[in-house]
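When we follow my numbering, the leftmost residue of the sequence shown carries the number 184, and every step to the right adds one.
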Amino acid sequence: MAERPRTYTAEGVILRRRNIGEADSIFTVYSDREGKFDAVARGVRKTRSKMRGHLEPLTRSRFLIAKGRSLDVFAQAETVHHYRAVREDLDRAATAVYCAELVDRFTAERAPQEGLYSLLLGILDALEDGCGITVARYFEVQLLALSGYDLALDACALCTTPLAAEDTLLSPSAGGLVCRLCRPQAEGGRILGVRAVKVLRYARRATLDAFAALNLDPDLDAELRTALALVIRHTLERDLAATRFLEDVRRLPGPHPAPSPDGRVE
Ligand SMILES: [Zn+2]
184 MAERPRTYTA EGVILRRRNI GEADSIFTVY SDREGKFDAV ARGVRKTRSK MRGHLEPLTR
244 SRFLIAKGRS LDVFAQAETV HHYRAVREDL DRAATAVYCA ELVDRFTAER APQEGLYSLL
304 LGILDALEDG CGITVARYFE VQLLALSGYD LALDACALCT TPLAAEDTLL SPSAGGLVCR
364 LCRPQAEGGR ILGVRAVKVL RYARRATLDA FAALNLDPDL DAELRTALAL VIRHTLERDL
424 AATRFLEDVR RLPGPHPAPS PDGRVE
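Pasting the structure below:
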């Protein structure tokens, strides 16, 4: 049997860093082919480290990585884009960090999601080119869709009746917009004004460039930001609950019981 290669290459964006020991750091990367992964950079906090500048959070870099027993190790790193303009502007830097954090929280290790890497690069490039920070709304809507939580925006999430362009409830638990008749069945959410409804639909189908050209006014952006934050929190909590459930099952002794369709263990 052929021996498995000991190194691999990847291109990705550094999502976050945590320091270990005297001079090492572990970096979480989202990459095109590998998806999310962690690797350690030895001695990267020493001033003479050659890799230091290529491994800063939000940097897009190419890596050569050596497989380790527990953690992979960066052997080489080379910057593709440093996103200097993003770093030098507080609002844009905060928006980029927020998007990187969402990628981290919505992904599992070594499970690349189709389209997500180019969405992340698209948002970083847009911010670098001076687009307004309201492009984060586009990122949220597209990230939800790529992660399997595509919001129902044209038809009621509960009864599938086509929706008119009017003030409409966005319900996190229903997974999208909900018609007036179904409102009592939707557990919570926020009523969006008709302009916000139209922008949400546009965010779902437009290109990033087209959406960036909208340049949302601050009130409209705040309305959407608040509503989408509810959806994101609901989605992540449900995911966390599912993860905890799986971990509980793994801890059970003996043969693992299969979960019943409603998620309970018999
Ligand atoms: Zn309905």
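Ideal Cβ positions, reconstructed from N, Cα and C, are used throughout, including at glycine.
Closest by CA to residue 211, which one among 320, 217 and 200?
-> 200
Which residues count as close to ligand 1 when the rule is a CB under 7 Å from any of its heavy atoms, in chain order?
-> 339, 341, 342, 344, 361, 362, 364 and 365
Collapsed DSSP secondary structure at residue 266 in the structure displayed | coil
Since residue 267 and residue 411 are thought to touch, with beta carbons under 8 Å apart, how far apart are those beta carbons, to the nearest angstrom?
-> Contact flag wrong, Cβ pair sits at about 28 Å.
Are three or more beta carbon pairs between the stretch 290–305 and the stretch 323–332 nearer than 8 Å?
-> yes
If you scan the stretch 237–291 from start to end, which runs of the alpha helix (DSSP H) of 4 or more residues do you find wholly inside it?
-> 267–270 and 273–289
Where does the unbroken beta strand (DSSP E) through residue 336 begin, and where does it stop?
-> It is not in any beta strand (DSSP E) - residue 336 carries neither H nor E in the DSSP assignment.
Span of the alpha helix (DSSP H), counted from its first residue to its last, around residue 303 = 299–311
Taking only the alpha-carbon atoms, compute the straight-line gap between residue 407 and residue 389 and give it to the nearest angstrom.
-> 16 Å
Residue 229 - DSSP class collapsed to helix/strand/coil | coil
Whose C-beta lies closer than 6 Å to the C-beta of residue 374 among residues of the same chain, with five residues either side of it excluded?
-> 350 and 352
Give the secondary structure of residue 317 by DSSP, where H, G and I count as helix, E and B as strand, and everything else as coil.
-> coil
Which term fits residue 292, buried or exposed, when burial requires 16 or more other beta carbons within 10 angstroms of its beta carbon?
-> exposed
What is the rounded straight-line gap between the Cα of residue 204 and the Cα of residue 342?
-> 55 Å
Cβ shell of residue 472 (< 6 Å), same chain only, five flanking positions each side left out = The chain is shown from 184 up to 449; residue 472 falls before or after that span and cannot be answered.
Per DSSP, cross-strand counterpart(s) of residue 380 = Paired residue(s): none; residue 380 is not in a bridge.
Can you tell me the Cβ-Cβ gap for residue 318 and residue 391, rounded? I've got them flagged as a contact below 8 Å.
-> 7 Å
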